[in-house]
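To start, the structure itself, in structure tokens.
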Amino acid sequence: LNNERKAIEKEITAKALKQVNSSDKIAIVWGEDWHEGVIGIVASKVAEHYKVPAIVLSCKDGICKGSGRSYGDCDLYALVAKTREYYLKFGGHKSALGLSLEAEKLPLVKQLLNIEAASMCKEQHHDASILGLLPFDEIDFETLEILEKFEPYGEANPKPKFVAKGVSILECKDVGKNAEHRSYYLKHGNKSYRAIEFRTKDTCSSGDTTDIHYRLSRNNYNGKSYINLTIEHIEHSNS
-11 LNNERKAIEK EITAKALKQV NSSDKIAIVW GEDWHEGVIG IVASKVAEHY
39 KVPAIVLSCK DGICKGSGRS YGDCDLYALV AKTREYYLKF GGHKSALGLS
89 LEAEKLPLVK QLLNIEAASM CKEQHHDASI LGLLPFDEID FETLEILEKF
139 EPYGEANPKP KFVAKGVSIL ECKDVGKNAE HRSYYLKHGN KSYRAIEFRT
189 KDTCSSGDTT DIHYRLSRNN YNGKSYINLT IEHIEHSNS
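Okay, so the sequence shown: first residue is -11 according to this note's numbering, each after it adds one.
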């Protein structure tokens, strides 16, 4: 029975993946009388494959019942609620949901949700060199010394990155011969650090709140050691 279920899941997953366009911001796929017991798992696999939220539906007698799974930080419930008036049933939370609707409404709902997802669900930045969250309060020379033990860094051994969420920009200014780089003074928790972002075209203002991906390095100056932050990616939470 378990092997049969896995075979059904594999078959439906293959059919579902073929329906998705690479440009879709949310993958919405359906099939006639697909096994309802596996569509949640299939939705998870479609979301992971295309790196976008996914809804998989099984249709029978003009009614489609579906299961949705989010991807990354996208609030799938808030997104799908934008077209709530088209559903017969709808419920769930940020990461997963269930719904049903008339089959004839599916193409319109798919079109509308793709438009909404383009603005509500930002492209996720997945980077194997990111070690995880590192709040400023946890940055110290001990952490830096551990990282230095794994040098030299290069293409085969990328220098680790860390993430800090909700970082306050105290000041920022363009630097460099052609103002192509940016210098920051950032605060997160109880600590503040200077940081540099190379070759950026982003705009910024003092008072902005950001999520950042950054690297740590050491700067020796006048006989003292300082910890430097180099920003690799910055995303504004609010302006």
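By construction, the Cβ of each residue, glycine as well, lies at the ideal position given by its N, Cα and C atoms.
Three or more beta-carbon pairs under 8 Å between the stretch 5 to 23 and the stretch 94 to 106, yes or no?
yes
What residues are listed by DSSP as bridge partners for GLY80?
Residue pairing by DSSP puts GLY80 in a beta bridge opposite LEU85.
Can ILE219 and TYR172 be called in contact, C-beta distance under 8 Å?
yes
What's the call for LEU217, buried or exposed, on a 16-neighbour Cβ count within 10 Å?
Per the 10 Å Cβ criterion, buried.
Express the C-alpha separation of HIS23 and LYS3 in angstroms, rounding to a whole number.
13 Å
So, helix, strand or coil for LEU132, using DSSP?
Correct three-state label for LEU132: helix.
My understanding is that ILE0 touches VAL40, with C-beta atoms under 8 Å, so please give their C-beta distance in whole angstroms.
Not really, about 18 Å apart at Cβ, beyond 8 Å.
From which residue to which residue does the alpha helix (DSSP H) around GLU1 run?
Note on identity: in this sequence residue 1 is Thr, with Glu being the wrong assignment. Counting along the chain, the alpha helix (DSSP H) containing THR1 begins and ends at -10 to 7.
Quick check on the DSSP output: the beta strand (DSSP E) that includes SER10 runs from which residue to which?
Counting along the chain, SER10 falls outside any beta strand (DSSP E), and DSSP gives it neither H nor E.
Specify the secondary structure class of ILE29 as computed by DSSP and reduced to three states.
helix
Between ASN178, TRP18, ASN102, which has its C-alpha nearest GLY154's C-alpha?
ASN178
Buried or exposed, going by whether 16 or more other CB atoms sit within 10 Å of the CB of TYR209?
exposed
Check each candidate in GLU73, ALA152, GLY28, ASP61 and name the one with the smallest Cα separation from LYS53.
GLY28
Name the residue from ILE(-4), THR131, GLY60, LEU87 whose alpha carbon lies nearest to the alpha carbon of THR71.
LEU87
Can you tell me whether SER193 is buried or exposed, with buried defined as 16 or more other CB within 10 angstroms of its CB?
exposed
What does the alpha-carbon distance come out to for the pair GLU159 and SER117?
28 Å
DSSP on HIS176, reduced to helix/strand/coil?
strand
Suppose you measure from the CA of LYS82 to the CA of TRP18; what does that come to, to the nearest Å?
One C-alpha to the other measures close to 21 Å.
Just confirm the distance between the C-beta atoms of VAL34 and VAL8, as a whole number of angstroms; I'd bet it's less than 8 Å.
7 Å
Considering just the uninterrupted stretch of the alpha helix (DSSP H) at SER55, what are its terminal residues?
Element bounds for SER55: not the alpha helix (DSSP H) but the beta strand (DSSP E), 51 to 57.
In three-state DSSP terms, what is LYS39?
coil
Suppose contacts are defined by Cβ-Cβ distances below 8 Å. Is LEU204 in contact with LEU132 by that definition?
yes
Mind checking who ALA183 pairs with in its DSSP beta bridge?
TYR172, LEU217
Mapping DSSP to helix, strand and coil, what is GLU73?
helix
Where does ALA152 sit, in a helix, a strand or coil, going by DSSP?
Correct three-state label for ALA152: strand.
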